[in-house]
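**Student:**
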Amino acid sequence: MSAPSRRARSALRAFMVKEVRHLLRDRQTLAILLLLPLAQVVLFGYAVRTDINSVRLAIVDPAPDDATRALRSRFTQNGRFDLVAMPPRVEALDQLFRSGAADVGVVFQPGLAAGLRDGTASQIQVVADAADPNSGTTMLNYASAVISGWQAERASPAAVRVNASVRMRFNPSLESVNLFVPGLIALILTLVTTMMTALSLSREKERGTFEVLLVSPLHPWQIIVGKVLPYLVLAFVNAATVLLAAWLVFGVPFVGSVTLLLAASALFALVGLALGVLIAAVTSSQLAAMLAALAGTMLPNVMLSGMIFPITSMPRPLQLVTNIVPARWFITICRGIMLKGAGIAALWQELLILAVMFLILMAVAIRKSSVRLT
Amino acid sequence: MSGTAPAVEITGLTKRFGPTRALEGINLSVQPAELFGLVGPDGGGKTTLFRILTTLMVPDAGTATVLGLDVVRDLWGLREQIGYMPGRFSLYGDLSVEENLTFFASVFGTTIEEGYATIAPIYQQIERFKNRRAAALSGGMKQKLALSCALVHRPKILFLDEPTTGVDAVSRREFWELLGELKASGLTIVVSTPYMDEAARCDRVALLQAGRILALDAPAAIGHLFPRPLYAVRSRQRMPLLRALRGFPHTASALPFGDTVHYSDARSEASPETVVAELGNALRSAGIDDATVRPIPAGIEDVFIELMGDAPGAKEAA
Amino acid sequence: MTAPAAEGPAIAVRDLTRRFGTFVAVDRITFEVAKGEVFGFLGANGAGKTTAIKMLIGLLAPSDGEAHVAGFDVRREPEQVRRRIGYMSQRFSLYEDLTVRENIALYGGIYGLSNDEIRSRGNQLLADLRFEQQADDLVGSLPLGWKQKLAFSVAMLHRPAVVFLDEPTGGVDPITRRQFWELIYGAAARGTTVFVTTHYLDEAEYCDRVSIMVDGRIAALGTPDALKAEFATDSLDDIFVRLARNSAAEATA
């Protein structure tokens, strides 16, 4: 039957065009939707940093001599540094970093004092374990300043080479941009998909236009899909923007496949859309829809997805609850791809869970969207 | 016209919302190309009736067919042939005139070009504002646009729920002239209105109150339902006139109608001459010397007020 | 209670003008309304009626000219004006999810009535409208006509000097319309000035005087009888259509 399918296609297109027009003309909402992700990335990125006024210092000094002791006391007398450990070997430094006990490590080579007297080159290694490149650089600068200050006061201008490097922190119980970015994407996607579609659909219902649409030959699912597609596109654009910003501005690593990440984002967006449709179908006003979207999705996404509070440190009943929070699975997927380069083989279960969630929610949503008014 | 199937056929239609009876055993039929009016108080069941006929709701009992199709079983077949203007403004305010029309055309699988001939008489009145946002149109223009959107897919029957409420007198006239032209082109139109002068322009009118039909007939014939002779009384002293008439011992009803008062006498055997004379005397003794009294035929509004049973000064509507 | 204003017209408007950019919505209108008068303010949609009313009730500042309502200047003393007027429109009415009694209490409180006044006037209102049974019903559950009558009575609760009614009987059945106008007459008889707009031209006949706005100007002003004599017709509807059809606004609406 060509007439109904022609109608379906033209209606879908008409809906998309209409929704895009609504979106573009609602300047305020548009500004929020486009700028908010950027604002959030910037805010979180720069706001989240360890307290650089109190850098926890670990010093590895296998063969202490005058020079190393002098330099060590320089560090301990400096108000910024807080000596927390003196492990005997470099290898132990790694453990300190991993457990989050230290921020900066200073490693002395044996024979520093002797080398200074001889004039041979010596090395001091400084390692900063940082939440983001900026704080890492800052801490290194502090350490270098202490070392330079000590050098300048010494009589001999012997060269001491300072080997400085920053390593990315890998401690999941502390906040870091790397860990934040997946959570941020999840939040933004939820905002654009669930909240906006719920609002858009319930706004349509509150207008007189909805009755006219119902009376038309369109099936409810056509109305839904047609209204929802522009938001899928917008969600995508937002996700890509956040990733781009995170990568360019903060140097967030991107170990795995970008395609897979975008595909996972699309899948997560679809779950959000289905939720938005369901919320609109069961609420009776725009206000109720917005509140339901906030309480039912945004809040769990922030609190229960592992974005801020690690799931492993939640009480057991809550841990079980997190299993039904879609963002939890999405964040796992994101972190896996971004930080560990995991592929489909490692993440297929999480992806499957999201896919199943989408199908179930969509089926329920369509069921609840009636062909008639009552 | 016998032999032609009715455009709308309703039998024993009943719809309840919890304890509220919106429609109670409605029977009526509308002929093809008829301009059929529905009047009645708010909450009387008009909107519910529209919603059932446009397949938006399912009745609890009874049957309704539109264009020969059952409103419950054949809803998809029906939806392609119905045009509907619901009570509120059913347009997208932030889209332009043309964008609204394009959208509704696409929803029905057609285009403005295909439907242009049908909507031309209406659309041409607003076409030069086609780039203006719908929210910026005046009330009358909005209604014309909504009508165009309802017609663009060339439906065979039109359902209009109070299309002229809140619209000024000039735009209302123009709107009804357009309805007349549409009817002449063969379109069946079912329209509800709170304005009695508009009801008088319909082929037939039904009064719907508390879910029941109190009267159904051509406007001219409905007047015959008024049970008593009716008189129009006029005087410059409007308020004193009304008070005096209400105080007259034989008054059955005395209601203001613009600059006259419609008076009906309770005595069934009194001749017009008697009434005119007696009224004249009574008014003069009340200090009203310039009153004129003359018999008039009852109109729709007189009948409806009588049937609704609630003249001012009496109890509230049940 | 607020102090009574000095004697004089209830509403005095002189050369009142309002511009929006280059568009002149209200163009130097001048008229007066006496105390206790029922004044019908008519005009086609887009003729400037709503803008004019908004200026009179202090919602919009005039671009030019002046207006005094209840003895106070709308531009310089809007607070005084607002305390002495009542307003009822299709949009600003009662809260649908509050009961009748709650609405009465709310508006009574807003206008500074004491609890005793609220109670006694509220009971009087309910008795006059025969609404005692419905006192604890949600306003949203009432039929339109009842809502409108109730809204009018609530607008009168604080005994305003002038009450502005914006299409108070829109969409309402013939019986309720007449009941509404009896309420209006009652208020006018007690000295309240009533300023009403309507699309029902038979209701225009119920007014003491009527003005018709076209394109931001007043095209006709007078008693219904005087206007009918002036335009040599016996129907206000006719006059209205004649004036409105010639309007330039129709060409550029």
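Protein chains in written order, with this note's numbering: chain A, -4 to 369; chain B, 3 to 320; chain C, 58 to 310.
No residue lacks a Cβ here, since even glycine has one placed at the ideal position from N, Cα and C.
(1) How would you list, in chain order, the residues of chain B whose beta-carbon sits under 8 Å from the beta-carbon of C:L40?
(2) Give the secondary structure of C:N160 by DSSP, where H, G and I count as helix, E and B as strand, and everything else as coil.
(3) For the region 294 to 307 of chain B against the region 257 to 274 of chain B, are there 3 or more C-beta pairs whose distance is under 8 Å?
(4) Whole angstroms are fine: how far does the CA of A:W216 sit from the CA of A:M357?
(5) Residues in its own chain within less than 6 Å of C:A62 by CB, not counting five upstream and five downstream?
(6) What residues of chain C sit near B:P196, judged by a beta carbon separation below 7 Å?
(7) For the region 245 to 253 of chain C and the region 164 to 181 of chain C, state whether three or more C-beta atom pairs, one from each stretch, are separated by less than 8 Å.
(8) Where A:L208 and B:P61 are concerned, what is the direct C-alpha to C-alpha distance, given to the nearest angstrom?
(9) Using 9 Å as the threshold, is the C-beta distance between A:G178 and A:L255 below it?
(10) Residue range of the alpha helix (DSSP H) that C:D259 falls in?
(11) Three or more C-beta pairs under 8 Å: does that hold for the region 160 to 171 of chain B against the region 87 to 107 of chain B?
(12) At what residue ranges does the region 88 to 128 of chain C contain a whole run of the beta strand (DSSP E), taking only runs of 3 or more?
(13) Measuring only between beta-carbons, confirm whether B:T50 sits less than 9 Å from chain C.
(14) Tell me the DSSP secondary structure of B:V74 in three-state form.
(15) If we define contact as Cβ-Cβ less than 9 Å, is B:E164 a contact residue for chain C?
(16) Under three-state DSSP, which class holds B:S31?
(17) Below 8 Å, can you find three or more Cβ-Cβ pairs linking the region 155 to 164 of chain C to the region 105 to 125 of chain C?
(18) Looking at the unbroken alpha helix (DSSP H) that takes in B:G142, where does it start and where does it end?
(19) Only counting the same chain, and skipping five residues up and downstream in sequence, which positions put a Cβ closer than 8 Å to that of C:Y168?
(20) Using 10 angstroms around the beta-carbon of B:T6, count the other beta-carbons present and answer buried if the total reaches 16, otherwise exposed.
(21) Would you tell me roughly how many angstroms separate the C-alpha atoms of B:K158 and C:W203, rounded to the nearest one?
(22) Using 9 Å as the threshold, is the C-beta distance between B:G45 and B:S194 below it?
(23) So, with DSSP's three-state summary, where would you put B:T253?
(24) Buried or exposed: which applies to A:L282, given that a residue is buried once 16 or more other Cβ atoms fall within 10 Å of its Cβ?
(25) Residues in the same chain with beta-carbon distance under 7 Å from C:A277, minus the five sequence neighbours each way, listed in chain order, please.
(26) Going by DSSP, name the residue or residues bridged to B:T13.
(27) Please tell me whether A:V85 and A:V99 are closer than 9 Å, where the distance is taken between their beta carbons.
(28) Would you mind sorting C:Q236 into buried or exposed? The rule is 16 or more other CB atoms within 10 Å of its CB.
(29) Would you identify the three-state DSSP class for C:A19, choosing helix, strand or coil?
(30) How far does the alpha helix (DSSP H) with C:M145 in it reach, from first residue to last?
(31) Please tell me whether C:L240 and C:S198 are closer than 9 Å, where the distance is taken between their beta carbons.
(32) For A:V366, decide whether its Cβ has a neighbour in chain F, counting only Cβ atoms nearer than 9 Å.
(33) What is the rounded straight-line gap between the Cα of C:A208 and the Cα of A:L227?
(34) Would you list, in sequence order, the uninterrupted alpha helix (DSSP H) runs of no fewer than 4 residues that lie entirely inside the region 169 to 244 of chain A?
(35) Where are the beta strand (DSSP E) runs, 3 residues long or more, that stay fully inside the region 225 to 310 of chain C, in chain order?
(36) Given B:I224, which residues of its chain have a CB within under 7 Å of its CB, disregarding the five upstream and five downstream residues?
**Tutor:** On the basis of the data shown:
(1) Absent from the structure is residue 40 of chain C, since the part of chain C shown begins at 58 and ends at 310.
(2) Three-state result, C:N160: helix.
(3) Yes, the region 294 to 307 of chain B is in contact with the region 257 to 274 of chain B.
(4) The straight-line gap from Cα to Cα measures roughly 10 Å.
(5) Caution is warranted here: a pLDDT of 49 is assigned to C:A62, below 50, making its placement in the model unreliable, and no coordinate value can be reported.
(6) Residues of chain C passing the Cβ test: G228, V229 and D230.
(7) No: fewer than three Cβ pairs fall under 8 Å.
(8) The straight-line gap from Cα to Cα measures roughly 20 Å.
(9) The answer is no: Cβ separation not under 9 Å.
(10) Counted as a single uninterrupted DSSP element, the alpha helix (DSSP H) harbouring C:D259 occupies residues L258 to A261.
(11) Between the region 160 to 171 of chain B and the region 87 to 107 of chain B, the count of Cβ pairs shorter than 8 Å is three or higher; the stretches touch.
(12) DSSP assignment within the region 88 to 128 of chain C yields the following whole beta strand (DSSP E) runs of 3 residues or more, N-terminal first: 95 to 100 and 121 to 126.
(13) Using beta-carbon distances, B:T50 does not count as an interface residue toward chain C, since no partner is under 9 Å.
(14) Note: B:V74 maps to coil in three-state DSSP.
(15) Output row for B:E164: interface = yes.
(16) Three-state DSSP puts B:S31 in a strand.
(17) With the cut-off at 8 Å, the region 155 to 164 of chain C and the region 105 to 125 of chain C do not touch.
(18) Per DSSP, the unbroken alpha helix (DSSP H) holding B:G142 starts and ends at G141 to L153.
(19) Here the set comprises R140, L214 and H215.
(20) Within a 10 Å sphere around the beta-carbon of B:T6 sit fewer than 16 other beta-carbons, which makes this residue exposed.
(21) Their Cα atoms are separated by approximately 37 Å.
(22) Their beta carbons are not under 9 Å apart, which means B:G45 does not touch B:S194 by this criterion.
(23) Reduced to three states, the DSSP call for B:T253 is strand.
(24) Classification for A:L282: exposed.
(25) Around C:A277: S268, I269, L284, I296 and L300.
(26) BP columns for B:T13 point to B:T65.
(27) Not in contact: A:V85 and A:V99 (Cβ atoms no closer than 9 Å).
(28) Answer is buried; the Cβ neighbour count reaches 16.
(29) Residue 19 of chain C lies beyond the residue range present for chain C, which begins at 58 and ends at 310; the question has no answer from this structure.
(30) Unbroken run through C:M145 is the beta strand (DSSP E), I142 to S146; no alpha helix (DSSP H).
(31) The criterion of a C-beta distance shorter than 9 Å is not satisfied by C:L240 and C:S198.
(32) In the structure shown, chain F does not exist; the protein chains are A, B and C.
(33) Whole-angstrom Cα-Cα distance: 46 Å.
(34) The region 169 to 244 of chain A contains, as complete alpha helix (DSSP H) runs of 4+ residues, the segments 172 to 185, 191 to 201 and 204 to 210 (chain order).
(35) Runs found: 250 to 254, 266 to 271 and 274 to 279.
(36) Taken in chain order, the residues that qualify are V207, A217, I302 and V305.
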